[in-house]
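The next block holds one structure in the form of structure tokens; read it before the comments.
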Amino acid sequence: MPLTKKQNLLFIILLLVMVFLFLVNISLGSVSIPLKEVVNGLLSQEMSKESWEIILWNFRFPKAVTAILVGIGLSMSGLLMQTLFRNPLAGPYVLGLSSGASLGVAFIILGTGFLPTFISSFFLSNYGLVLASSLGSFLVLMAVLLVSQKLKDTMAILIVGLMFGSFTGAIVSILSYFTSAEKLQKFTFWSMGSISNLSWNEISLLSVFVIIGIGISFMVIKPLNALLLGEKYAQSIGINYKKTRFLIIIATSILAGSITAFAGPIAFIGLAVPHMAKLLFQTSNHFVLFWSTLLLGAIVMLCCDTIAQVPGNDITLPINAITSVIGAPVVIWLLVRKKRF
Amino acid sequence: MNHQNFTIKTNNLSIGYKSKSETITIAQNINLSLEKGKLIALIGENGIGKSTLLKTLTGIIPPIQGEVSLLHKSLQSYKPLDLAQELSIVLTEKLPPSNLTVYEIIALGRQPYTNWLGTLSDEDTIKIEEAISLTEIQHLIHKKHDEISDGQLQIALIARALAQDTSIIILDEPTTHLDLVHKATLLKLLQKLTHETGKTILYSTHDIDLAIQMTDEMIVFTPNQIVQDQPCNLIQIGIFNSLFDTEHLTFDATIGKFKIK
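So the sequence lines, in the order shown, correspond to chains A and B.
If you use my numbering, the first sequence corresponds to residues 4 to 344, in order.
If you use my numbering, the second sequence corresponds to residues 2 to 262, in order.
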């Protein structure tokens, strides 16, 4: 379906907002750099103060890139899950995928002490972390999917996700009981969620996974539109439901798993952003929603991160606190409204 | 009768459910032939197996025995995309919540023909417009699907099936939840569609008296047999009295209606 004029205009506005927020995000923090200098620094690599250059290239720029990767990845996985489960409240955090990923990471960080060194050193590498984390979210997603086929009820699926969250939480606390204080600290910091301190190596690895996940999502745009009519109609217009579901599960696990491995469990972005896209663009057409979810995901995450830096101040708030403050009211509003999504 | 005119034909078909441990057969020796350009109603008591029959005819579940052939080819041999170009369905259940407009719903009927991104070609747009004008719902196309009444949604879904451009449309109890006026409107529409487009339309229903008045043929599903014939012939052989296993109802052949004793 062709885009309407209004939708085209919205895309242009969102793109501009994203670029602007990207610059603002880099400019603001404990030390603020004037916007003009940020633009200069990014384009010509020359800035009037050397300290700004260091801050820009070693801290702010990688952090802003991570924010965009995390924002688009989590939002896309949320969009996929909401359509697959035909449930407005589905998202990687709410359905326990992030908990599953946490469990994978907990086994790695807390549990590798029980393994011989040469094995644990592989698992403690980035690859091991991503693998364990994606596997964790994949297993939880499979479990939720299995249960959701028995329960058609929207709310029941949500409660199941909640239970998986508690279950994995319990295993994590058992693991932490037996581990060293140093490892426990490392895990606790990870679980608070953070998008700073990622090396360029880690960022490039993360972007590979995010691009794979988003690429698969792009391939299923047409079947996603068919699924809006429900599974039976989708099959009656020639959609291979099993294959589509498999692709969606793989994309979601890769996205949620890899992002959680590097940035920790980040709440509500995956749930809230697709709704903002649906509300703003007033459509269910996944071709429109695909691009708008990407743009809004980046915008919201850049916004949350800028707030979390508390501009002009030395303190930094955990990113999870900010995303929850924005995301939780969205869930309540959805439940009260409980109509279209 | 010309042999070429059949859309769906069943040959000694047995329907039911198969699992690893057991096979439950619901009905056997079913021989039906659904002709082009005919409106056909499927009637029978609740729980007798109408849905199972429809699921078998649409290829959702495989036959226990015998064969369903669609346009002289076994239904089981169709690839999903090829089947989608010959057979479309309309269901009773509500659509999942979404922002879909009526136009978008109808456009989704073109999915078997569009490219991997679902871009509509000129031909797709023409077929969609045809479906809209045949069902006369021009005034609804920009409305969201949850802003219109059940009857209007049912007709929009029929338009979607028309846009799918298939030889046969199968509807599962399309008149349920509708009042008498909308039931009549819907059946008149189905009748018009079969005669104007030459499609076969099969629908299951509990409104037997309406079906007797409106359809070309009926398939009567009783505990002992499944009979297909024209409504007047069915009345003559007195099949309707064996339809329900109860002493409270009797069929009055003179007015074509059931009466409560």
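Backbone N, C-alpha and C define an ideal beta-carbon position, used for all residues, glycine too.
Item, Value
"Where are the alpha helix (DSSP H) runs, 4 residues long or more, that stay fully inside the segment 221-258 of chain B, in chain order?", "232-237"
"Report the option in Leu118/B, Val221/B, Ile107/B whose CA atom is closest to the CA atom of Ile209/B.", "Val221/B"
"Return the chain-ordered list of same chain residues with a C-beta closer than 6 angstroms to the C-beta of Leu345/A, the five sequence neighbours on each side being excluded.", "In the structure as shown, chain A starts at 4 and stops at 344, and residue 345/A therefore has no counterpart that could be examined."
"Taking Cβ positions only, does Arg248/A come closer than 8 angstroms to chain B?", "no"
"Whose Cβ in chain A lies nearer than 9 angstroms to the Cβ of Ser243/B?", "Simply none; closest approach about 32 angstroms."
"Output the residue ranges of the alpha helix (DSSP H) runs that lie fully inside the segment 15-97 of chain B and measure 4 residues or longer, sorted by chain position.", "51-58, 81-85"
"List, in order along the chain, the chain B residues whose C-beta lies closer than 8 angstroms to that of Ala229/A?", "Leu109, Gln112"
"Within the 8 angstroms Cβ cut-off, does Pro81/B reach chain A?", "yes"
"In its own chain, which residues sit with a C-beta less than 7 angstroms from the C-beta of Thr216/B, not counting the 5 before and 5 after it?", "Leu40, Ile41, Ala42, Pro232"
"Is there at least one Cβ from chain B nearer than 8 angstroms to Arg343/A's Cβ?", "In this predicted model, Arg343/A has a pLDDT of only 48, less than 50, meaning its place in the structure is not dependable enough to derive any value."
"Which ranges does the alpha helix (DSSP H) cover as unbroken runs of at least 4 residues, wholly within the segment 236-309 of chain A, from first to last along the chain?", "244-266, 272-284"
"Let me check one thing: in DSSP terms, what residues is Ser205/B bridge-paired to?", "Leu43/B"
"What residues in its chain sit with their C-beta under 6 angstroms from that of Gly38/B, if we drop five residues either side in the sequence?", "Thr195, Gly199"
"Any idea which residues DSSP pairs Asn12/B with across the strands?", "Glu68/B"
"Could you tell me which chain A residues have their CB closer than 9 angstroms to the CB of Ser89/B, listed as they occur along the chain?", "Ser239, Ile240"
"Mind pulling the chain A residues with CB within less than 9 angstroms of Glu105/B?", "Met4, Asn228, Leu231, Thr286, Ser287, Asn288"
"Measure from the alpha carbon of Glu105/B to the alpha carbon of each residue in Ser70/B, Gln226/B, Ala132/B, then state which is nearest.", "Ala132/B"
"If we define contact as Cβ-Cβ less than 8 angstroms, is Ala85/B a contact residue for chain A?", "yes"
"Between which two residues does the beta strand (DSSP E) carrying Ile36/A extend?", "Looking at the DSSP string, Ile36/A is not in any beta strand (DSSP E), and its letter there is neither H nor E."
"Assuming Leu172/B is part of the alpha helix (DSSP H), what are its boundary residues?", "Careful: Leu172/B lies outside any alpha helix (DSSP H), inside the beta strand (DSSP E) at 169-172."
"Taking any Cβ of chain B, which residues in the segment 208-226 of chain A have a Cβ under 7 angstroms from it, in chain order?", "Ile224, Lys225"
"Alpha carbon to alpha carbon, what distance is there between Glu205/A and Asn129/A?", "7 angstroms"
"Have a look at the DSSP bridge pairing and note the partners of Met219/B.", "Ala42/B, Asp230/B"
"From the DSSP secondary-structure annotation, give me the bridge partner or partners of Phe7/B.", "Glu36/B"
"Are at least three pairs of beta-carbons, each pair with one atom in the segment 53-71 of chain B and one in the segment 233-245 of chain B, less than 8 angstroms apart?", "no"
"Looking at chain A, is there any beta carbon in it that lies within less than 8 angstroms of the beta carbon of Leu35/B?", "no"
"Quick one: what does DSSP say Thr182/A is sitting in, helix, strand or coil?", "coil"
"Would His140/B be called buried (16 or more neighbouring beta carbons within 10 Å of its own) or exposed?", "exposed"
"Give me the residue from Thr102/B, Leu109/B, Asn32/B with the minimum Cα distance to Thr286/A.", "Thr102/B"
"Gln165/B versus chain A: which residues are under 7 angstroms apart at the beta carbon?", "Ile240"
"Kindly indicate which three-state DSSP category Ile224/A falls into: helix, strand or coil?", "helix"
"Between which two residues does the alpha helix (DSSP H) carrying Ala162/B extend?", "151-164"
"Alpha carbon to alpha carbon, how far is Ile261/B from Glu248/B? Give it in angstroms, no decimals.", "9 angstroms"
"Would you report the Cα separation of Lys145/B and Asn100/B, rounded to the nearest angstrom?", "6 angstroms"
"With DSSP run on the structure shown, which of helix, strand or coil describes Met2/B?", "Summary for Met2/B: the model assigns pLDDT 45, below 50, so the residue's position carries little reliability; its value from the coordinates is reported in the next sentence. Correct three-state label for Met2/B: coil."
"How would you write the range of the alpha helix (DSSP H) that Phe14/A sits in, first residue to last?", "8-30"
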